[in-house]
């Protein structure tokens, strides 16, 4: 009976360590996702500003190339 309790305590300790490790990994991934979202927003804003600055050149953006 005593051995079973010790085994359960060992398993619980391993599970607690694993849970902490997984939480650390998920937290790191969330930070990386936030950085990627910020980068995408920055790039999207930059593309929009370039298309607005392009002015007259925008009329050819959706035009099919002549080789089609």
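Numbering (the numbering used here), first residue to last: 3 to 70. Quick reminder that beta carbons are idealized off the backbone N, C-alpha and C, glycines included.
Looking at the backbone, the Cα of residue 3 and that of residue 32 are separated by about 43 Å. Counting only the Cα atoms, residue 43 lies some 10 Å from residue 50.
Assigned with DSSP and collapsed to three states, residue 66 falls in coil, not helix or strand.
Within the model, the alpha-carbon separation for residue 48 versus residue 28 is close to 30 Å.
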